[in-house]
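Novice: Chains as they are written, first to last, in my numbering: chain R, 9 to 252; chain U, 9 to 252.
Heads up, the beta-carbon is just placed ideally off N, CA and C, and yes, glycines get one too.
Just so we're clear, the structure is a prediction, and the values are computed from it rather than from any experiment.
Could you have a look at this structure, given as C-alpha cells, before my questions?
2 protein chains.
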Amino acid sequence: MLPKTELKFIKSLKDKKNRYAERLFVTEGKKLTGDLIAAGVLPNKLYVVRGLELENEFASLPIAIEEVSNSEMEQMSNLQSARDVLAVFPFLEEKPYQVPVSGLVLALDTIQDPGNFGTILRLADWYGVKAVVCSLETADLYNPKVIQATMGSLARVQVNYMDLELFFDENRLPVFGAVMEGVNPSGFKWNGSAILLIGNEGKGIRPTLDSKLTKRLSIPRFGYAESLNAAVATGIVLDNLLNP
Amino acid sequence: MLPKTELKFIKSLKDKKNRYAERLFVTEGKKLTGDLIAAGVLPNKLYVVRGLELENEFASLPIAIEEVSNSEMEQMSNLQSARDVLAVFPFLEEKPYQVPVSGLVLALDTIQDPGNFGTILRLADWYGVKAVVCSLETADLYNPKVIQATMGSLARVQVNYMDLELFFDENRLPVFGAVMEGVNPSGFKWNGSAILLIGNEGKGIRPTLDSKLTKRLSIPRFGYAESLNAAVATGIVLDNLLNP
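Pasting the structure below:
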C-alpha cells in the first residue's frame with residue numbers, strides 16, 4: 009500500500025505553488041506518459057494500476073515503478089476518470105529564448121484556459137512552430153489540464169515566459185496579430201519569418217502590445233458567432249500562414 | 009430563500025436523463041443567457057445574485073426572476089466559479105433535417121468531448137454552416153459544458169441527431185472527410201455543396217462511414233504532433249473550404 013504521505017504529495021502537485029517548490033509535474037495515461045519518455049524525458053517515478061501489463065518502453069526504464077490499487081490511483085488523479093498510469097516528472101530544462109533564423113514564433117498574450125493553452129502547444133508542434141513565447145500571465149505549462157491537452161507535444165515545443173512588452177521592444181521580426189478587424193489571412197503574403205501574436209480569450213491583445221503589430225489579421229466571418237475559440241483561431245491563422 | 013426542492017431540481021438537470029424527462033436545460037452567465045434571449049429563446053426562469061443590476065434586456069422579460077444568495081447560486085452552478093445569472097430554458101424547437109439547396113453541412117461521427125462539441129457549434133455559426141448532423145453517440149447538445157462552449161451559437165445553428173449510416177445512404181451530396189491521409193484542403197476545389205464529416209477524437213471516422221467518403225482531406229503536418237484537436241481540425245478544414 010502506498011504511504012498516505014506519498015498519496016498526499018502527488019495530490020499536492022495540483023497546486024502551482026507546490027509544483028514550483030518541488031519542480032515536479034504529473035502526467036496521466038500510458039500514451040501521454042510514453043510520449044514524453046519517447047521524447048527523452050525521464051520520470052522520477054511511475055505508478056501503475058496493479059496487474060497492468062507494461063510495454064517494454066516502461067518496464068525497461070531505470071526508474072522506480074510502483075503498483076497501486078485502483079482506489080489509490082483515483083485518489084492521486086486529476087482527471088474525472090483515472091487512467092492506468094501516472095508519472096511524476098521533473099520540470100523540463102529551460103532553454104533561453106533564441107530568435108530563430110527563420111520561421112514562425114507564436115506569442116501568447118495571456119491565454120488563461122489550460123485546455124486552450126495545451127491545445128495551442130499541440131498545434132505549435134503540428135505546424136513546426138519554432139518557439140512559443142508567453143506573457144507572464146499565461147496559464148502554467150505544468151498545470152495538469154495543460155499537460156493533458158498537449159498530448160505529448162510538451163517536450164517538443166520550446167516555451168518561454170517573459171514580459172511581452174520588453175520582448176517586443178527588443179524584437180526585430182514583423183509581428184502579426186490575430187484581431188477582430190484586419191486583413192484576411194487567406195492569401196496573405198509574408199517572407200517566412202515573423203511572430204504571430206494571439207490575445208486573451210476574453211480581452212484579446214492588450215493595447216500596449218496591439219500598438220506593436222505590424223500586420224493585423226482577421227479570420228473572415230460568414231455567419232453570426234461573435235468570436236472563435238482562441239485555440240481554434242490560432243489553428244486557422246497558423247494554417248493560413250504555413251499551409252498557404 | 010430558495011426552497012430546497014427547487015435547488016435540487018436545478019442541480020438534477022446536470023444529468024441527461026433528467027434534462028430529457030423535463031426537456032429543460034441550464035445556461036450560466038449574463039452574456040450567454042442574454043445571447044440566447046436575443047436569439048429569440050425565452051427562459052422559463054431566471055436566477056440572479058441578489059443586488060445585481062439587470063440590464064433592460066433581462067428586466068423587461070415576461071418571466072419569473074428570482075434573486076438568490078451567492079451560496080444558492082454556487083449550489084446550482086455547474087461551473088468551477090458560479091456566475092451572476094443562471095437561467096432555465098426549455099429545449100429548442102426540433103426542426104427536421106433538410107438538405108440545403110447549397111452550402112456546407114457538417115456531420116459529426118461521435119464527438120464525445122462536450123467542450124469540443126460546443127466549440128464546433130460555435131465554429132459552424134461563425135462560418136455560416138447550414139446544418140450540423142450528429143451521430144446518435146455524439147455528446148448531448150444540452151450538456152452544460154456544451155452549452156457554455158457554444159457561447160450563444162446554440163440558437164443559431166440547426167443540430168440534428170441521426171443514424172449517420174442511414175443519413176449517408178440517402179444523401180446525394182459529395183462527402184468530404186477529415187482524415188489522416190488525404191489531399192491538402194488548401195487549394196482544394198469544390199462546387200460549394202457538400203458534407204464535411206469529422207470523426208471521433210480518438211478513433212476518427214468509423215469504417216462504415218469512411219467507405220462513403222467521396223474525398224479525403226488531410227491537414228498537412230510540418231512538425232511532430234500525432235494529431236490535432238477535433239475542434240481545431242474542424243476549424244482549419246472549414247476555413248480552407250469556405251475561405252479559400
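Give me the residue from Thr146(R), Leu205(R) and Leu112(R) with the minimum Cα distance to Val187(R).
Specialist: Leu205(R)
Novice: Give a yes or no on whether the minimum CB-CB distance between Leu20(U) and chain R is below 9 Å.
Specialist: Before going on, a small fix: residue 20(U) reads as Ser here, not Leu. No, Ser20(U) lies away from the interface with chain R (no Cβ there is under 9 Å from its Cβ).
Novice: Bridge partners of Tyr169(U), per DSSP?
Specialist: Bridge partners of Tyr169(U): Cys142(U).
Novice: Taking only runs of the alpha helix (DSSP H) that begin and end inside the stretch 163 to 228 of chain U, which ones reach a length of at least 4 residues, in chain order?
Specialist: 172 to 178 and 215 to 218
Novice: According to a CB-to-CB cut-off of less than 8 Å, which residues of the stretch 189 to 221 of chain R neighbour chain U?
Specialist: Residues Asn192 and Ser194.
Novice: Is Pro122(U) helix, strand or coil by DSSP?
Specialist: In this structure, Pro122(U) counts as helix in the three-state DSSP scheme.
Novice: Using 8 Å as the cut-off, can you tell me whether the stretch 92 to 112 of chain R makes contact with the stretch 219 to 229 of chain R, which would need three or more C-beta pairs spanning the two stretches below that distance?
Specialist: no
Novice: What residues in the stretch 118 to 140 of chain U have a beta carbon less than 8 Å from any beta carbon of chain R?
Specialist: Answer in chain order: Gly123, Thr127, Arg130, Leu131, Ala132, Asp133, Trp134, Tyr135, Gly136 and Val137.
Novice: Less than 9 Å between CB atoms is the rule here; does Glu63(U) satisfy it with respect to chain R?
Specialist: With 9 Å as the cut-off, Glu63(U) does not count as an interface residue toward chain R.
Novice: For Ala157(R), I'd like the list of residues in its chain whose CB is within less than 6 Å of its CB, leaving aside the five on either flank, ordered along the chain.
Specialist: Gly123, Gly126 and Thr127
Novice: Under 7 Å between beta-carbons, which chain U residues line up against Leu250(R)? List them in chain order, please.
Specialist: Phe230
Novice: Excluding the 5 residues flanking Met159(U) on each side, which residues of the same chain have their C-beta closer than 6 Å to its C-beta?
Specialist: Arg130
Novice: Give a yes or no on whether 9 Å exceeds the smallest Cβ distance from Glu173(R) to chain B.
Specialist: Absent here is chain B; the protein component of the structure consists of chains R and U.
Novice: Count the C-beta pairs between the stretch 171 to 183 of chain U and the stretch 131 to 145 of chain U that are closer than 8 Å, then say yes if the count reaches three, no if not.
Specialist: yes
Novice: Using a Cβ cut-off of 7 Å, which residues of the stretch 24 to 58 of chain R contact any Cβ in chain U, in chain order?
Specialist: The stretch 24 to 58 of chain R vs chain U, Cβ under 7 Å: nothing.
Novice: Under DSSP, the beta strand (DSSP E) around Lys53(R) begins and ends at which residues?
Specialist: Lys53 to Val57
Novice: Pull up the distance between the alpha-carbon of Asn237(U) and that of Glu102(U), whole angstroms please.
Specialist: 29 Å
Novice: The beta strand (DSSP E) with Glu75(R) in it runs from where to where?
Specialist: Ala72 to Val76
Novice: Apply the 10 Å Cβ neighbour rule to Gly80(U) and answer buried if 16 or more other Cβ atoms are within range, or exposed otherwise.
Specialist: Checking the sequence, you will find Glu at residue 80(U) rather than Gly. Buried, because 16 or more other Cβ atoms sit within 10 Å of the Cβ of Glu80(U).
Novice: Pop quiz: Val191(U) and Leu225(U) are said to be a contact at Cβ under 8 Å. What is the actual Cβ separation, rounded to whole angstroms?
Specialist: 6 Å
Novice: Measure from the C-beta of Ser161(R) to each C-beta in chain U and report whether the shortest distance is under 9 Å.
Specialist: yes
Novice: Ordered along the chain, which non-local residues of its own chain (more than five positions away) have a Cβ less than 8 Å from that of Ala163(U)?
Specialist: Asp43, Leu44, Ala47, Gly48, Val49 and Leu100
Novice: Name the residue from Lys153(R), Arg229(R) and Phe184(R) whose alpha carbon lies nearest to the alpha carbon of Lys24(R).
Specialist: Lys153(R)
Novice: State yes or no: is the C-beta of Ala202(U) within less than 9 Å of the C-beta of Leu249(U)?
Specialist: yes
Novice: Is the shortest distance between the beta-carbon of Val240(R) and the beta-carbons of chain U less than 9 Å?
Specialist: It does; some Cβ of chain U falls within 9 Å.
Novice: Can you tell me whether Leu236(U) is helix, strand or coil according to DSSP?
Specialist: The answer is coil: DSSP assigns Leu236(U) none of H, G, I, E or B.
Novice: For Asn78(R), go through chain U and note every residue whose CB falls closer than 8 Å to its CB, in chain order.
Specialist: Chain U residues near Asn78(R): none, gap ~22 Å exceeds 8 Å.
Novice: Helix, strand or coil: which one does DSSP assign to Pro98(R)?
Specialist: strand
Novice: When DSSP builds the beta bridges, which residues end up paired with Leu116(R)?
Specialist: Cys142(R) and Ile206(R)
Novice: Locate the beta strand (DSSP E) running through Leu32(U), then write down its first and last residues.
Specialist: Leu32 to Glu36
Novice: Is DSSP giving Gly160(R) helix, strand or coil here?
Specialist: coil
Novice: Which value, in whole angstroms, describes the spacing of the CA atoms of Arg214(R) and Asp177(R)?
Specialist: 15 Å
Novice: Give me the Cα-Cα distance between Ala115(R) and Pro182(R), rounded to the nearest whole angstrom.
Specialist: 12 Å
Novice: In chain order, what residues of the same chain have a beta carbon less than 7 Å from the beta carbon of Leu15(U), not counting five sequence neighbours either side?
Specialist: Glu80, Gln83 and Met84
Novice: Compare the C-alpha of Tyr135(U) against each of Leu10(R), Phe17(R), Ile244(R) and Ala67(R) and name the closest.
Specialist: Ile244(R)
Novice: Could you work out which residues of chain R lie near Asp148(U), taking near to mean beta carbons separated by less than 8 Å?
Specialist: By Cβ distance, chain R contributes nothing, its closest Cβ being about 16 Å from Asp148(U), past 8 Å.
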